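K.L.:
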Amino acid sequence: MVVVVLLCWGAPAAVANADADDPARAAVAALRAQLHRIGSPAAAYAVLDGDTVVTGASGDADQDTPFVIGSLSKSFTAVGVMRAVDAGLVDLDGPVTTYLPEFTTASSSEITVAQLLHHTSGLSTADGIRDLLEPERTLAQRVALARDFAPTAPPGERFQYSNINYAILGLLLEQVSGKTFADYLREEVVIPLGLSRTILDAETARDLIPGTVPFFGFAMPRPESEFPGALADGYIISTARDLLTYAKFHLSDGRGVLSPESMAALHEPGIRLPGDPDPGSTGYAMGWYTGESESHLVLHHEGDNFGYRTDIALYPDLGHAIVVTMARNGAVSMVDTPISAARPALAGGQPRPSSAYTVATALVIALAAALIVTIAWTVLSYRRRTRTRRPPSRTLALSLILTGPVLGVAALISALLLVGGRASALPLAWLSAPDVTVLLIAWPVVLTVAGAATAAQRRTLGPQDGMT
Numbered sequence: 009m010v011v012v013v014l015l016c017w018g019a020p021a022a023v024a025n026a027d028a029d030d031p032a033r034a035a036v037a038a039l040r041a042q043l044h045r046i047g048s049p050a051a052a053y054a055v056l057d058g059d060t061v062v063t064g065a066s067g068d069a070d071q072d073t074p075f076v077i078g079s080l081s082k083s084f085t086a087v088g089v090m091r092a093v094d095a096g097l098v099d100l101d102g103p104v105t106t107y108l109p110e111f112t113t114a115s116s117s118e119i120t121v122a123q124l125l126h127h128t129s130g131l132s133t134a135d136g137i138r139d140l141l142e143p144e145r146t147l148a149q150r151v152a153l154a155r156d157f158a159p160t161a162p163p164g165e166r167f168q169y170s171n172i173n174y175a176i177l178g179l180l181l182e183q184v185s186g187k188t189f190a191d192y193l194r195e196e197v198v199i200p201l202g203l204s205r206t207i208l209d210a211e212t213a214r215d216l217i218p219g220t221v222p223f224f225g226f227a228m229p230r231p232e233s234e235f236p237g238a239l240a241d242g243y244i245i246s247t248a249r250d251l252l253t254y255a256k257f258h259l260s261d262g263r264g265v266l267s268p269e270s271m272a273a274l275h276e277p278g279i280r281l282p283g284d285p286d287p288g289s290t291g292y293a294m295g296w297y298t299g300e301s302e303s304h305l306v307l308h309h310e311g312d313n314f315g316y317r318t319d320i321a322l323y324p325d326l327g328h329a330i331v332v333t334m335a336r337n338g339a340v341s342m343v344d345t346p347i348s349a350a351r352p353a354l355a356g357g358q359p360r361p362s363s364a365y366t367v368a369t370a371l372v373i374a375l376a377a378a379l380i381v382t383i384a385w386t387v388l389s390y391r392r393r394t395r396t397r398r399p400p401s402r403t404l405a406l407s408l409i410l411t412g413p414v415l416g417v418a419a420l421i422s423a424l425l426l427v428g429g430r431a432s433a434l435p436l437a438w439l440s441a442p443d444v445t446v447l448l449i450a451w452p453v454v455l456t457v458a459g460a461a462t463a464a465q466r467r468t469l470g471p472q473d474g475m476t
């Protein structure tokens with residue numbers, strides 16, 4: 009095996025120098041350039057091209073730096089389920105209540121194990137984030153919440169990505185194994201696959217590099233809360249090195265950990281996706297989106313936590329894989345995911361660099377600058393009118409008074425849309441996009457206050473003849 013370790017950063021121009029006949033190097037060049045564009049956060053990556061492995065890192069990270077891998081945890085849980093299937097403990101087509109008799113939702117419809125794996129249970133995306141700000145909840149407490157959830161579609165009919173599906177699977181594995189989910193996954197998945205740096209207990213990873221989110225062009229620390237009850241759907245901790253090993257497992261026939269039949273079922277789409285929720289995605293398997301990239305089958309998934317982002321993509325027919333872990337996430341920075349620039353190159357196509365993050369950051373900063381100018385203009389105009397005893401026009405006062413509340417309502421709607429319509433919209437928006445949240449709050453407040461002050465000044469000074 010040829011192992012090439014890249015530890016130094018070059019200029020973004022490396023994309024142009026990439027060898028088109030060497031997909032791994034082309035993908036790495038695209039990754040490095042895109043990471044540079046989003047501010048070179050602490051990150052690590054690994055690219056597999058047959059027997060060639062290319063690795064690298066930026067910031068304070070290296071191949072063994074642990075990161076929270078977010079929803080990539082779901083594919084680990086899916087492997088755990090298929091281990092239980094191979095052992096005869098679980099039937100994919102069996103009702104969940106066979107294994108969790110106490111499980112219930114607000115509907116009488118039976119949900120199967122396979123429907124949880126494929127996100128076709130009928131439980132909504134919004135219900136899956138109800139407890140996102142309650143890390144003290146245990147796995148059993150999270151699943152118990154489902155009794156109040158009203159499915160928004162009959163089981164098996166519609167894809168709705170929902171964290172609660174994999175939380176239920178985690179509790180199911182506890183029930184059939186008689187072990188905690190962490191112990192089961194460690195014994196049945198992590199150890200057999202040789203993932204020596206993958207952590208299932210956040211207390212042993214207190215030296216995690218703090219996650220960050222963009223804040224007006226700077227990196228704001230966003231430490232991740234311990235959430236042991238969400239291990240099955242979003243809080244496994246791993247490294248680029250271990251995730252590459254994990255990727256190789258998924259490119260195999262099971263390596264004795266899973267039967268070839270279970271391995272094939274793991275990657276078989278259980279539902280076709282409506283529209284295009286992720287570029288190139290046409291279906292969802294068990295913890296994996298499926299689709300095509302450069303006419304090649306691709307399995308991929310992202311992991312999103314408040315301050316961390318992990319991506320993995322596999323090309324089974326090529327024997328290629330790419331893993332990117334980084335301590336940077338957030339609504340603004342994720343308009344440009346580094347892996348999105350590199351994936352086409354690994355499949356033999358052209359890299360797709362993007363400047364969307366640069367543009368989005370410039371827009372946020374421009375809106376902040378405009379806000380400062382508006383405040384200064386309002387204060388100076390108020391003082392000038394007071395000094396000259398010239399009242400403001402009615403049109404100015406009314407426009408300011410009306411614009412502020414209208415923007416406020418628009419901001420609230422934007423925040424609700426951002427986080428799925430939950431009552432916790434503002435805290436979630438702050439955690440994922442603090443700079444945008446500041447602007448969504450500040451603009452309506454500033455304009456409303458300016459309008460009220462302008463109207464009050466008009467009443468105090470009184471309209472002059474001919475002034476409207």
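Here the sequence shown is numbered in our numbering, starting from 9 and rising by one per residue.
Note that CB positions come from ideal geometry on N, CA and C, so glycine has one too.
Note that the structure is a prediction, hence the values are computed from the model and not measured.
Just list the residues that DSSP pairs Tyr243 with in beta bridges.
P.N.:
Tyr243 is not bridged to any residue.
K.L.:
If you drop the 5 nearest sequence neighbours on each side, which residues of the same chain put their C-beta closer than 7 angstroms to that of Asn337?
P.N.:
These residues qualify, in order along the chain: Gly219, Val221, Asp312, Asn313, Phe314, Gly315, Tyr316, Arg317.
K.L.:
I think Thr128 touches Pro163, with their Cβ atoms under 8 angstroms apart; what is that distance to the nearest whole Å?
P.N.:
Correct: roughly 7 angstroms between the Cβ atoms.
K.L.:
Going by CA-CA distance only, name the one from Ala152, Glu310, Pro324, Arg280 that's closest to Ser301.
P.N.:
Ranking Ala152, Glu310, Pro324, Arg280 by Cα distance to Ser301 puts Pro324 first.
K.L.:
If you draw a straight line from the alpha carbon of Ile320 to that of Val332, how long is it in whole angstroms?
P.N.:
For Ile320 and Val332, the distance between alpha carbons rounds to 6 angstroms.
K.L.:
Roughly how many angstroms lie between the CA atoms of Leu208 and Ile244, to the nearest whole one?
P.N.:
The alpha-carbon atoms of Leu208 and Ile244 are separated by roughly 6 angstroms.
K.L.:
In the structure shown, what three-state DSSP assignment does Leu274 receive?
P.N.:
Leu274 falls in the helix class under three-state DSSP.
K.L.:
Could you check what DSSP says for Gly291 in three-state terms: helix, strand or coil?
P.N.:
Gly291: strand per DSSP, three-state reduction.
K.L.:
Who pairs with Met228 in a beta bridge, going by DSSP?
P.N.:
Partner(s): Val221.
K.L.:
Would you kindly work out how many angstroms separate the C-alpha atoms of Leu131 and Val417, rounded to a whole number?
P.N.:
Each residue's alpha carbon lies about 29 angstroms from the other.
K.L.:
Identify whether Thr396 lies in helix, strand or coil by the three-state DSSP scheme.
P.N.:
Thr396 falls in the helix class under three-state DSSP.
K.L.:
Using DSSP with H/G/I as helix, E/B as strand and the rest coil, what is Tyr365?
P.N.:
Of the three classes helix, strand and coil, the one that applies to Tyr365 here is helix, per DSSP.
K.L.:
For Val93, I'd like the list of residues in its chain whose CB is within less than 7 angstroms of its CB, leaving aside the five on either flank, ordered along the chain.
P.N.:
Same-chain partners within the cutoff: Leu100, Ser270.
K.L.:
Please report the distance separating the alpha-carbon of Ser267 from that of Ser246.
P.N.:
Distance between the alpha carbons of Ser267 and Ser246 is about 25 angstroms.
K.L.:
Quick one: what's got a C-beta closer than 6 angstroms to Asp139's C-beta in the same chain, skipping five residues either side?
P.N.:
Answer for Asp139: Arg145, Arg150, listed in chain order.
K.L.:
Within a Cβ cutoff of 7 angstroms, which residues of the same chain sit near Asp189, ignoring the five residues on either side of it in sequence?
P.N.:
Before going further, note that residue 189 is Phe rather than Asp in the sequence given. Leu147, Gly178, Leu181, Glu182, Leu239, Ala240.
K.L.:
How would you call Asp191, buried or exposed, if buried means at least 16 neighbouring beta carbons within 10 angstroms?
P.N.:
By the neighbour-count rule (16 or more Cβ atoms within 10 Å), Asp191 is not buried but exposed.
K.L.:
Between the beta-carbon of Pro143 and the beta-carbon of Ser115, is there less than 9 angstroms?
P.N.:
Not a contact, by the Cβ cut-off of 9 angstroms.
K.L.:
Are Pro49 and Met228 close, meaning C-beta to C-beta below 9 angstroms?
P.N.:
It is not a contact, given that the beta carbons lie outside the stated cut-off.
K.L.:
Distance, Cα to Cα, Leu406 vs Ser389?
P.N.:
Looking at the two C-alpha atoms, the distance is approximately 16 angstroms.
K.L.:
Hey, Val372 and Leu455: beta-carbon distance below 9 angstroms or not?
P.N.:
No, Cβ-Cβ distance for Val372 and Leu455 is not below 9 angstroms.
K.L.:
Taking the C-alpha atoms as reference points, what is the distance between Gly474 and Thr403?
P.N.:
Caution applies to Gly474, whose pLDDT of 43 falls short of 50 and renders its modelled position unreliable; the value that the coordinates give is listed next. Roughly 13 angstroms separates the two Cα atoms.
K.L.:
Is the CB-CB distance between Ala248 and Thr63 below 9 angstroms?
P.N.:
Closer than 9 angstroms, so yes.
K.L.:
Let's test the definition: count the other Cβ atoms within 10 Å of the Cβ of Arg397 and tell me whether it reaches 16, buried, or not, exposed.
P.N.:
Arg397 comes out exposed.
K.L.:
Around the C-beta of Trp296, are 16 or more other C-beta atoms found within 10 angstroms, so that it is buried, or is it exposed?
P.N.:
Label assigned to Trp296: buried.
K.L.:
What are the partner residues of Asp312, as DSSP defines its beta bridges?
P.N.:
For Asp312, which the question treats as bridged, DSSP gives the partners Arg317.
K.L.:
For Tyr254 and Gly136, what's the separation of their Cα atoms in angstroms?
P.N.:
C-alpha separation (whole angstroms): 26 angstroms.
K.L.:
Ser132 lies in the alpha helix (DSSP H); which residues open and close that run?
P.N.:
Careful: Ser132 lies outside any alpha helix (DSSP H) and carries neither H nor E.
K.L.:
Go through its chain and collect everything with a Cβ distance to Asn25's Cβ below 6 angstroms, but skip five positions before and after it.
P.N.:
Note that Asn25 scores a pLDDT of 44, beneath 50, so its modelled location is shaky; the value from the coordinates is reported in the next line. Nothing meets the Cβ criterion.
K.L.:
Taking only the alpha-carbon atoms, compute the straight-line gap between Trp385 and Gly78 and give it to the nearest angstrom.
P.N.:
So the alpha carbons of these two residues sit roughly 45 angstroms apart.
K.L.:
Restricting to Cα atoms, I'd like to know which of Ser440, Val76, Arg45 is closest to Asp215.
P.N.:
Considering only alpha carbons, the answer is Val76.
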